[in-house]
Amino acid sequence: MGTMTMIALGVALLVLVLASSSASATRTLRTVLVVGSVNVDHTIAIERLPVRDETITALAPTTTMATGGKGANQAIASAKLAGDGVGAEGVFVFGSDSFAEGLELELQSAGVRIDRSLRSARGSGQGFVLLDAEGAATSVVVEGSNGDWGSADRAERHLSTIVGEASLVMLQREVPESVNLIVLRAAALTGVPVLSELRRISAEGISTDTEEGVVEAARALQRRGARSVLVTLGGRGMVLVEEGGRAVWQEAFPPPGGVVVDATAAGDAARAAFAVAILEGLSSEECLRRAAAAGAIAVSGVGAVPSIPSRGEVKKLLQGPRPWAAMEIVKEWWAASTRQKGSSRRARKSKGFRFACRLNSMRSRGGGTLEMLKRQGQQCRGVTDVLLNYPQHLEGLREEEVSRALGEAGLRAGAVCTRFPPDKFALGAFTNPDEAVRGEAVELAGRACQFAQSLGAPDLIVWPQTDGFNYNLQVDYVEVWERQVDCYRRLSDLCGRFGVRVSLEFKPTDPLARYSAVPSTGAALLLAQEVDRENFGLTLDFGHLVMAGENPGQSIAAAARSGKLFGIQLGDGPSRLGAEDGLVFGSANPRASLEAVLWLRRAGFGGTFYFDTFPEAEDPVRECETNIREFRRQWAQAGRLEGRGLKELQRGHDALGILDLLDREL
């Protein structure tokens, strides 16, 4: 990424011009002055952005209107986040239409002083926000009155005195550049520090995919005159590169509830929190913590101004227990995705989602593993990853030729899945009564781990198909349990040397073992607790959870809360007679699948969404694309429910209220 662009939850920069004068320190009321834009934002919920010449239908029947504009967002955030002795003032140009009065009332009710703002004969500025299923906001702004500051002389006379009375000034580059320059000159004359955003900055050929690259890009700005540079990196956190050269990093906080609903005002809330903390004399580290907390809270709500947190909310998040490690998962995913081999234009367009469909579904069209990879990568729209079975798919193939095939197909290895040949392991793999056979099972899985490392896959998924029994009194349950604990410990230690995680995919029943040694999510979590290895966790299969008589959403929540949700496999079916049907996701249990997606959002799951389905009579390419489309639709629906008060209804166990919400929104 050779260019840094200021976007919500993307990569953004602030240049902090530190004043050498102590003039602002002598004032009793320290004031954050915001000179910028104020808009009426119209938010339109969509599943995805339309392509050129395409018309799509919004997800909701109406738009959502709220106060917006980066200037208004930052002024309101400064007022809401300020403590005693700190105030906020905004200098805007209000329009002369019916929107203007509402905008003024919104700012005043938040505690922002606006009496020195101007008025234009133009209409108010407006923003049209396209909010997609992943919470990313793409906007079109009509400047309206924001561009009408009158003559340069008039603007300079009006702003010079106001700037000189401020303690700190914030600029956002959404008003004419001549106005920004007037403010900067006035601030320089009076020694007032300025937080000025950079809309777009060339990183001079420096890649910002690594921490070192980010810091070097910031230092390139400093060589061009900036004192200190704050870089916000979304799920990767933020870094302040100080004037003396020190780089202070802050990890991202998980949003309350683990869900990114709307990222429109996240950056504005974070910057305002940073500015207020500066005026309060806090350390760089504490300023960054405040900023990270404010941004995390802001992404959990819908709309710009409505999502801006209060000082109390930020304090509560900072003082409370850490939520589930949602952002740690996201950060780990980001690191893994940058080291994957063979990323393609299709993969880069996935916008954070990683999708994989069952490779064996392509067998109906003939060819070996390499041919199936090529076909799936070229024909299945939306697929970014593939899960490969070992030894089934990989036996006889060299690691280099598989890596090359993945690159040519534009696919990444999401995981390698162990398959134990049933002839050798008929009495079990990790539960086999023969210690030597158990050792062979661990060795086979260990070779799969090595293959996973060579392909850049983060996980080894273990499906122990024959680990179980068929008859009452057939096995000693305690011995069987202890055998598998021992084997999973050995395998986890072995895979740990390769930097690969071990993920158990339990299945409650199978024709080769009607009673599984691990029959439920609860049993799987108990096993993970006894294995006691950080790199050992669970892959939950929606179809297996239905077979086990479980509520998939509840199982996902339990695994995520324990920090053991490593993978997810999606499908559906009525599961008659205990069978795994492998139908399109959401086709048989739509409410249960919606709840499962909801909890994947809340958990901040950042891994591969794998569709373990069996299109026996259907076109496998079309079936794969249908799964992806259905998942995206349910992801968007879950986000809308979160933004319309689902959490509050759940706190009251209000089943009928939730049913009403579903009727209204879906």
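Read in order, the letters of the sequence shown are residues -25 to -1, 1 to 641 in mature numbering (1 follows the signal peptide of the UniProt record, and there is no 0).
For every residue, glycine included, the Cβ atom is placed at its ideal position computed from N, Cα and C.
Review point. If you run the structure through DSSP and keep just helix, strand and coil, what is G317?
Key: Along the sequence shown, one-based indexing puts residue 317 at 342. Confidence at G317 is low in this model, with a pLDDT of 35, below 50, so its placement is unreliable and the value that follows should be read with caution. Three-state DSSP puts G317 in coil, outside helix and strand.
Review point. Can the beta-carbon of E22 be found closer than 7 Å to that of A571?
Key: If you number the sequence shown from 1, residue 22 lands on position 47. If you number the sequence shown from 1, residue 571 lands on position 596. Not a contact, by the Cβ cut-off of 7 Å.
Point to revise | Three-state secondary structure assigned by DSSP to F69 | key: Sequence index remark: in the sequence shown, residue 69 carries index 94 (1-based). Note: F69 maps to strand in three-state DSSP.
Check your understanding: Going by Cα to Cα distance, which pick from E64, R199 and L82 is closest to L146?
Key -> In the sequence shown, the residue the question calls residue 146 occupies position 171. Of the candidates E64, R199 and L82, the one whose C-alpha sits nearest the C-alpha of L146 is E64.
Review point. How long is the line joining the alpha carbons of L205 and F228, rounded to whole angstroms?
Key: Position 230 of the sequence shown, counted from the first residue, corresponds to residue 205. Position 253 of the sequence shown, counted from the first residue, corresponds to residue 228. Near 17 Å, if we compare the C-alpha coordinates of F228 and L205.
Practice item. Can you check DSSP and say which residues form a bridge with R390? Key: The residue given as residue 390 occupies position 415 in the sequence shown. Per the sequence shown, residue 390 should be read as Ala rather than Arg. Beta-bridge pairing links A390 to L362.
**Study point:** Same chain only: Cβ atoms within 7 Å of A130, ignoring 5 sequence neighbours per side
**Key:** Reading the sequence shown from its first residue, position 155 is the one you call residue 130. Excluding positions up to five away in sequence, the list reads W124, V154 and I157.
Practice item. Just confirm the distance between the C-beta atoms of L8 and I137, as a whole number of angstroms; I'd bet it's less than 8 Å. Key: Start at 1 with the first residue of the sequence shown, and residue 8 comes out as number 33. Start at 1 with the first residue of the sequence shown, and residue 137 comes out as number 162. Going by Cβ atoms, the distance from L8 to I137 rounds to 7 Å, so yes, they are a contact pair.
Review point. For the beta strand (DSSP E) that contains N14, what are its first and last residues?
Key: Taking the first residue of the sequence shown as 1, we reach residue 14 at position 39. Per DSSP, N14 belongs to the beta strand (DSSP E) from N14 to A20.
**Study point:** Completely contained beta strand (DSSP E) runs for the segment 578 to 623, where each covers 3 or more residues
**Key:** 583 to 586
Review point. Candidates E79, A532 and D243: which alpha carbon is nearest R148's?
Key: Along the sequence shown, one-based indexing puts residue 148 at 173. Closest option to R148, Cα to Cα, is D243.
Review point. Rounded to a whole number of angstroms, what is the C-alpha to C-alpha distance between R121 and G70?
Key: Against the sequence shown, residue 121 aligns to sequence position 146. Against the sequence shown, residue 70 aligns to sequence position 95. One detail in the question is off: residue 121 reads as Asn in this sequence, not Arg. If I take the Cα positions, the gap works out to 8 Å.
Review point. Considering only the beta carbon of each residue, do V216 and A193 sit closer than 7 Å?
Key: In the sequence shown, counting from the first residue as 1, residue 216 sits at position 241. In the sequence shown, counting from the first residue as 1, residue 193 sits at position 218. Yes, the pair counts as a contact, with Cβ atoms nearer than the cut-off.
Exercise for review: Report yes if the C-beta distance between S393 and V455 is below 7 Å; otherwise report no.
Suggested key: Stepping through the sequence shown from its first residue, residue 393 is reached at position 418. Stepping through the sequence shown from its first residue, residue 455 is reached at position 480. The sequence shown places Thr at residue 393, not Ser. Contact: no.
Practice item. Label V305 either buried or exposed according to how many other C-beta atoms from any shown protein chain fall within 10 Å of its C-beta, with 16 as the threshold for buried. Key: Sequence index remark: in the sequence shown, residue 305 carries index 330 (1-based). Low per-residue confidence applies at V305: pLDDT is 34, beneath 50, and the placement is therefore not dependable, though the value from the model is reported in the following sentence. V305 is buried by the Cβ-count criterion.
Check your understanding: How is V190 classed by DSSP in three states: helix, strand or coil?
Key -> Taking the first residue of the sequence shown as 1, we reach residue 190 at position 215. Note: V190 maps to helix in three-state DSSP.
Practice item. Give the DSSP-derived three-state secondary structure of E140 in the structure shown. Key: Counting from 1 along the sequence shown, the entry for residue 140 is found at position 165. In the structure shown, E140 sits in a helix (DSSP, three-state: H, G or I).
Check your understanding: Where does the unbroken beta strand (DSSP E) through G102 begin, and where does it stop?
Key -> In the sequence shown, the residue the question calls residue 102 occupies position 127. Unbroken beta strand (DSSP E) run through G102: G100 to L106.
Review point. If S282 and A240 are in contact, beta carbons under 8 Å, what's the gap, nearest whole angstrom?
Key: Position 307 of the sequence shown holds residue 282. Position 265 of the sequence shown holds residue 240. Contact holds; Cβ gap of about 5 Å.
Exercise for review: Just list the beta strand (DSSP E) runs in the segment 210 to 251, keeping only unbroken ones of 3 residues or longer that don't cross its boundaries, in chain order.
Suggested key: 213 to 216 and 222 to 225
Check your understanding: Is it true that the segment 473 to 493 meets the segment 426 to 434, where meeting means three or more beta-carbon pairs spaced less than 8 Å apart?
Key -> yes
Review point. Using the beta-carbon count (16 or more within 10 Å), is S12 buried or exposed?
Key: Within the sequence shown, numbered from 1, the residue matching residue 12 stands at position 37. The residue in question, S12, is buried, as its Cβ has 16 or more Cβ neighbours within 10 Å.
Practice item. For E457, name the three-state secondary structure that DSSP assigns. Key: For this step, residue 457 is matched to residue 482 along the sequence shown. Correct three-state label for E457: helix.
**Study point:** T406 vs D461 beta-carbon contact at 7 Å
**Key:** The sequence position of residue 406 within the sequence shown is 431, counting from 1. The sequence position of residue 461 within the sequence shown is 486, counting from 1. No, the Cβ-Cβ distance between T406 and D461 is not below 7 Å.
**Study point:** Proximity to V104 [Cα-Cα], best of E186, T18, T38 and G371
**Key:** For this step, residue 104 is matched to residue 129 along the sequence shown. Closest by alpha carbon: T18.
Exercise for review: Quickly, what does DSSP pair E375 with across the bridge? List them, please.
Suggested key: By 1-based counting over the sequence shown, the position of residue 375 is 400. Looking at the DSSP assignment, E375 forms no beta bridge with any residue, so it has no partner.
Practice item. Can you grab the Cα-Cα spacing for the pair P396 / W574, in whole Å? Key: Mapped onto the sequence shown, residue 396 falls at position 421. Mapped onto the sequence shown, residue 574 falls at position 599. Cα to Cα, P396 sits roughly 34 Å from W574.
Exercise for review: Would you please state the rounded distance, in angstroms, between the beta carbons of A54 and A33? I believe it to be under 8 Å.
Suggested key: To locate residue 54, count along the sequence shown from 1; it is residue 79. To locate residue 33, count along the sequence shown from 1; it is residue 58. The pair is not a contact, with the Cβ atoms about 32 Å apart (cut-off 8 Å).
Practice item. Tell me whether S530 is buried or exposed, calling it buried when 16 or more other Cβ atoms sit within 10 Å of its Cβ. Key: By 1-based counting over the sequence shown, the position of residue 530 is 555. Under this definition S530 is a buried residue.
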